[in-house]
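Protein chains: 2
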Amino acid sequence: MTATRGRSPVGERLPTLEDVARVAGVSRATASRVINGIRNVDPQLNEQVWNAVGATGYVPNRLARSLVTRRTGTIALVVSDSEAHDDDPFMGRFFADPYFGRVVGGLMSVLRPAGVQLALQIVGTPDQRTRLIGDLRHGQADGAVVLSLPAHDPLPRMLTDAGVPAVLIGRPPEPVPIDYVDLANDTGAALAADHLVARGARQIAMISGPADVPASSDRVTGFRRAMARHGHGWVPIAHGNFTRESGEAAMRSLLDAQPAVDGVFAANDLMALGAQSVLRDAGRHVPDDVRVVGFDDSSAALAASPALTTVRHPLEDMAAEGARLLLARVDDRTMRVSSVIYEPTLVIRSSS
Amino acid sequence: MTATRGRSPVGERLPTLEDVARVAGVSRATASRVINGIRNVDPQLNEQVWNAVGATGYVPNRLARSLVTRRTGTIALVVSDSEAHDDDPFMGRFFADPYFGRVVGGLMSVLRPAGVQLALQIVGTPDQRTRLIGDLRHGQADGAVVLSLPAHDPLPRMLTDAGVPAVLIGRPPEPVPIDYVDLANDTGAALAADHLVARGARQIAMISGPADVPASSDRVTGFRRAMARHGHGWVPIAHGNFTRESGEAAMRSLLDAQPAVDGVFAANDLMALGAQSVLRDAGRHVPDDVRVVGFDDSSAALAASPALTTVRHPLEDMAAEGARLLLARVDDRTMRVSSVIYEPTLVIRSSS
DNA sequence: AATCGATTGGAGAGCGCTTTCCGAAGTGTT
DNA sequence: AACACTTCGGAAAGCGCTCTCCAATCGATT
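Here is the structure:
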């Protein structure tokens with residue numbers, strides 16, 4: 000049995016800058032300069048150092064470097080879920096949802112070329128939130144991309160108060176001077192309304208998401224307003240929570256209340272899918288009897304049958320822009336607070 | 000609610016352990032002991048220190064701590080894609096795929112309660128691979144969960160050679176003494192075969208994935224073997240690449256070659272979906288004319304219509320087990336190399 | 001009362017790196 | 001040839017933390 004446990008084998012010390020310097024016959028300072036390409040160093044020494052790097056197999060220790068430079072080359076992806084406790088089943092669903100993956104993909108498309116890595120952080124309790132802020136202020140990460148789920152999340156405010164570079168995906172529930180990217184959800188919903196009306200639907204209903212999520216309430220507002228413009232002062236709305244199951248339940252209650260419904264706008268694709276299946280079971284043909292429009296243009300929309308007409312949400316682009324915004328702020332913390340709003344478009348498929 | 004306001008956000012020095020010690024009137028060492036709960040400290044001093052922590056708003060600097068403890072409380076999620084260059088569009092698709100999200104969800108279900116965070120790393124070029132190994136050896140992360148995509152990935156071997164704690168999701172393409180979790184893909188495929196035969200299908204074909212991915216070739220092998228047991232010595236196979244489009248193409252070529260086909264097993268759900276849509280367009284009814292079975296039990300399987308019969312792949316459980324395995328190895332590097340193989344089950348829905 | 005062992009707190013040596021601060025060269029000007 | 005300027009390399013001071021020593025204190029044992 001070896002003496003040390005839970006440690007790498009003894010004597011396996013990795014080469015340090017010190018070693019490189021010794022091999023190259025220069026001081027640690029010079030080696031550091033060469034490796035970081037700072038100031039002109041005599042070409043002769045320069046080569047000696049690089050040779051030493053090759054010979055020793057030296058790789059800089061990021062941790063040590065970060066400790067002094069206060070730059071980590073890491074961005075935190077913070078998922079803020081005020082209610083979550085550790086084994087919240089919701090979180091599993093959240094990650095499996097295309098939303099999460101699309102955001103990660105968008106972020107990475109910018110972060111990866113920049114050599115920045117992403118660290119996933121989930122915060123639920125107030126304690127975790129304070130801890131997160133502390134870590135960020137210490138430079139545990141250079142900045143944070145925040146997916147703020149709960150309605151009254153104190154996190155955005157905490158971040159700005161702490162002076163941590165951060166960008167929100169989706170506008171803050173309450174006004175906070177923080178960078179964010181968002182989608183013109185109301186415009187998107189209006190697109191859906193206009194389309195349903197243009198397709199000849201007369202009895203149009205909506206399946207909404209949770210009322211306290213801004214993206215969700217904006218879709219309701221936008222839809223209502225557009226419908227009003229078309230002379231529908233009142234639109235029946237059934238509430239869901241963005242899951243497929245809730246979409247089914249909502250559609251059932253809608254059918255109950257208004258059997259003649261011939262157009263449905265669901266606040267996301269998953270609920271639209273649920274609605275489609277309920278409609279099918281009820282013997283209604285989509286799109287001949289009932290036109291269905293979703294929101295997000297997730298991969299599920301294409302997989303559906305009939306393929307779902309939906310409002311395209313350019314989430315990857317938004318996340319990418321968010322990453323760019325954040326990187327810019329990390330470089331210049333005095334940058335003016337800004338937000339970028341994306342315009343959604345309608346993707347017409349077979350369900351309407 | 001304690002507001003750590005009043006401290007100006009930028010530029011001001013954060014309280015260090017030194018500050019806490021001074022305020023508490025003890026030495027830095029004692030403060031450290033109290034905060035890390037090590038050894039018995041006089042209750043009186045203990046309280047003084049905690050008060051000082053509260054008064055100063057102290058949060059330990061993880062970086063500094065990690066530098067000396069050689070523990071970061073971070074696990075790297077490594078996506079290894081030998082071909083990828085920075086703007087590879089494939090990556091976007093990968094993240095949007097439920098596979099990625101399910102893995103993340105499974106990992107987090109274990110990592111989060113353990114207070115461990117996840118750092119996303121994508122490696123494509125040999126250079127990035129060496130860099131990653133270097134970072135890991137330096138303790139940039141305590142261990143790595145590896146999603147190894149390419150067929151002849153040198154990464155698993157490099158990891159074991161470097162002595163870095165690591166666990167693979169899916170068995171290594173070439174035998175390497177490394178921990179991994181995997182699914183009994185062959186058994187799963189056999190389940191599909193047995194089911195199709197039991198349902199009365201006589202002309203059964205398969206849509207396979209890329210031949211050089213172990214998970215994919217195992218499904219082919221398992222399917223072939225099971226079919227042979229049922230007296231089908233030869234099974235027509237069309238090749239796809241796990242995308243919906245490739246599933247459509249494969250189904251078309253299958254219909255061409257064998258118009259009387261009445262049972263199809265696709266190596267994943269996405270391709271099964273593609274097959275379903277081609278069958279529908281060809282006027283074949285699913286499941287009356289043709290029975291379709293997929294693989295994975297992704298959310299898409301449920302969303303399909305008819306809902307897809309599929310082999311359930313307990314990816315979240317597997318990822319969670321992988322995380323547990325990794326955490327155990329981080330604690331004890333001398334642990335015996337082990338692998339956990341999960342048994343798939345068949346989920347029967349309407350497509351068969 | 002004297003001694004021994006067990007607790008407990010403090011001093012200080014790093015972890016590996018960057019970066020000022022200086023002194024020693026090298027370059028050009030008068 | 002003497003001067004001011006510019007380059008360039010090295011010494012050393014940290015970044016914030018942990019943890020090994022060691023000294024001091026205390027109670028208990030003989």
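The listed protein sequences derive, respectively, from chains A and B.
Here numbering that gives the first Met the number 0 is used: the first residue of the first sequence is 0, the next is one more, and so on.
Here numbering that gives the first Met the number 0 is used: the first residue of the second sequence is 0, the next is one more, and so on.
For every residue, glycine included, the Cβ atom is placed at its ideal position computed from N, Cα and C.
Do you know offhand how far residue i's Cα is from residue j's?
{"i": "Arg61/B", "j": "Gln139/A", "result": "7 Å"}
{"i": "Pro213/A", "j": "Asp181/A", "result": "10 Å"}
{"i": "Val339/B", "j": "Ala259/B", "result": "40 Å"}
{"i": "Leu324/A", "j": "Met334/A", "result": "10 Å"}
{"i": "Ala327/A", "j": "Ala319/A", "result": "12 Å"}
{"i": "Glu342/B", "j": "Ala165/B", "result": "23 Å"}
{"i": "Val145/B", "j": "Asp41/A", "result": "42 Å"}
{"i": "Arg311/A", "j": "Val48/B", "result": "55 Å"}
{"i": "Ile168/B", "j": "Leu117/A", "result": "20 Å"}
{"i": "Asp141/A", "j": "Thr68/A", "result": "11 Å"}
{"i": "Ser351/B", "j": "Asp193/B", "result": "12 Å"}
{"i": "Ser337/A", "j": "Asp178/A", "result": "5 Å"}
{"i": "Asp331/B", "j": "Pro155/B", "result": "19 Å"}
{"i": "Ser216/A", "j": "Val103/B", "result": "29 Å"}
{"i": "Asp134/A", "j": "Ala197/B", "result": "58 Å"}
{"i": "Leu148/B", "j": "Asp80/B", "result": "6 Å"}
{"i": "Ala306/B", "j": "Arg92/A", "result": "20 Å"}
{"i": "Ser359/B", "j": "Ser298/B", "result": "The structure shown does not extend to residue 359/B, since chain B spans only 0 to 351, so no value can be given for it."}
{"i": "Ala23/B", "j": "Asn50/B", "result": "7 Å"}
Taking residue i as part of the beta strand (DSSP E), name the residues at either end of that continuous run.
{"i": "Val77/B", "result": "Thr73 to Ser79"}
{"i": "Ser147/A", "result": "Gly142 to Ser147"}
{"i": "Ala118/A", "result": "Gln116 to Val122"}
{"i": "Ser293/A", "result": "The question names Ser, but residue 293/A in the sequence shown is Gly. Arg290 to Asp295 is the span of the beta strand (DSSP E), which, as asked, contains Gly293/A."}
{"i": "Leu345/A", "result": "Thr344 to Val346"}
{"i": "Ser338/B", "result": "Ser338 to Tyr341"}
Anything in chain B within Cβ reach of residue i, meaning under 8 Å, just list it in chain order.
{"i": "Ser276/A", "result": "Ser304"}
{"i": "Leu272/A", "result": "Ala302"}
Anything in chain B within Cβ reach of residue i, meaning under 7 Å, just list it in chain order.
{"i": "Pro172/A", "result": "Result: empty, since nearest Cβ-Cβ is about 18 Å, beyond 7 Å."}
{"i": "Ser298/A", "result": "Ala95"}
Identify the continuous alpha helix (DSSP H) that holds residue i and give its terminal residues.
{"i": "Tyr57/A", "result": "Here Tyr57/A belongs to no alpha helix (DSSP H), and DSSP marks it neither H nor E."}
{"i": "Arg243/B", "result": "Arg243 to Ala256"}
{"i": "Arg311/A", "result": "Careful: Arg311/A lies outside any alpha helix (DSSP H), inside the beta strand (DSSP E) at Thr308 to Arg311."}
{"i": "His194/A", "result": "Asn184 to Ala197"}
{"i": "Gly169/B", "result": "Run containing Gly169/B: none; DSSP gives neither H nor E here."}
{"i": "Ala319/A", "result": "Leu314 to Asp330"}
{"i": "Ile132/B", "result": "Pro125 to Arg136"}
{"i": "Gly282/A", "result": "Careful: Gly282/A lies outside any alpha helix (DSSP H) and carries neither H nor E."}
Can you name the residues of chain A whose CB is closer than 9 Å to the CB of residue i?
{"i": "Asn35/B", "result": "In chain order: nothing, as chain A lies at least about 15 Å away."}
{"i": "Asp199/B", "result": "With the sequence shown as reference, residue 199/B is identified as Gly, and Asp is not the correct amino acid for it. By Cβ distance, chain A contributes nothing, its closest Cβ being about 24 Å from Gly199/B, past 9 Å."}
{"i": "Arg130/B", "result": "Val58"}
{"i": "Gln47/B", "result": "Per Cβ cutoff of 9 Å: no residues; Gln47/B is ~21 Å from chain A at best."}
{"i": "Gln116/B", "result": "Ala75, Ala118, Leu119, Gln120 and Ile121"}
Strictly below 9 Å CB to CB, what residues from chain B border residue i?
{"i": "Phe99/A", "result": "Phe94, Phe99, Gly100, Val103 and Gly104"}
{"i": "His355/A", "result": "Summary: the structure shown does not reach residue 355/A, with chain A confined to residues 0 through 351, and so no result is reported for it."}
For residue i, which residues of its own chain have a beta-carbon under 6 Å away from its beta-carbon, when the five flanking residues on both sides are left out?
{"i": "Asp18/A", "result": "Thr55"}
{"i": "Gly273/B", "result": "Arg243, Gly246 and Glu247"}
{"i": "Ile132/A", "result": "Met157 and Ala161"}
{"i": "Val78/B", "result": "Ile121 and Leu146"}
{"i": "Ser207/A", "result": "Val219, Ile236, His238 and Ala266"}
{"i": "Leu76/B", "result": "Leu117, Leu119 and Val144"}
{"i": "Met317/A", "result": "Val180 and Tyr341"}
{"i": "Asn45/A", "result": "Val33"}
Excluding the 5 residues preceding and the 5 following residue i in the sequence, name in chain order all residues of the same chain whose CB lies nearer than 8 Å to its CB.
{"i": "Gln257/A", "result": "Gln202, Ala204 and Pro235"}
{"i": "Arg136/A", "result": "Ala161, Gly162 and Val163"}
{"i": "Arg6/A", "result": "Note that Arg6/A scores a pLDDT of 31, beneath 50, so its modelled location is shaky and nothing firm can be said."}
{"i": "Asp296/A", "result": "Asp268, Thr309, Val310, Arg311, His312 and Val346"}
Under 8 Å by Cβ, that's how I've got residue i and residue j pegged, so tell me the actual separation to the nearest angstrom.
{"i": "Pro353/B", "j": "Asn240/B", "result": "Lying outside 0 to 351, the shown extent of chain B, residue 353/B is not represented and no answer is given."}
{"i": "Ala249/B", "j": "Met270/B", "result": "7 Å"}
{"i": "Asp152/A", "j": "Pro172/A", "result": "6 Å"}
{"i": "Gly105/B", "j": "Glu315/B", "result": "4 Å"}
{"i": "Leu13/B", "j": "Ser31/B", "result": "No, Leu13/B and Ser31/B are not in contact; Cβ-Cβ is about 16 Å, not under 8 Å."}
{"i": "Arg290/A", "j": "Leu190/A", "result": "So it is not a contact: roughly 14 Å between Cβ atoms."}
List, in chain order, every chain A residue whose beta-carbon is nearer than 8 Å to that of residue i.
{"i": "Asp134/B", "result": "Val58 and Arg61"}
Which chain A residues are close to residue i, counting only those with a beta carbon under 7 Å from its beta carbon?
{"i": "Leu66/B", "result": "Leu62, Ala63 and Leu66"}
{"i": "Ser350/B", "result": "Here the premise fails: no neighbours, minimum Cβ distance about 12 Å."}
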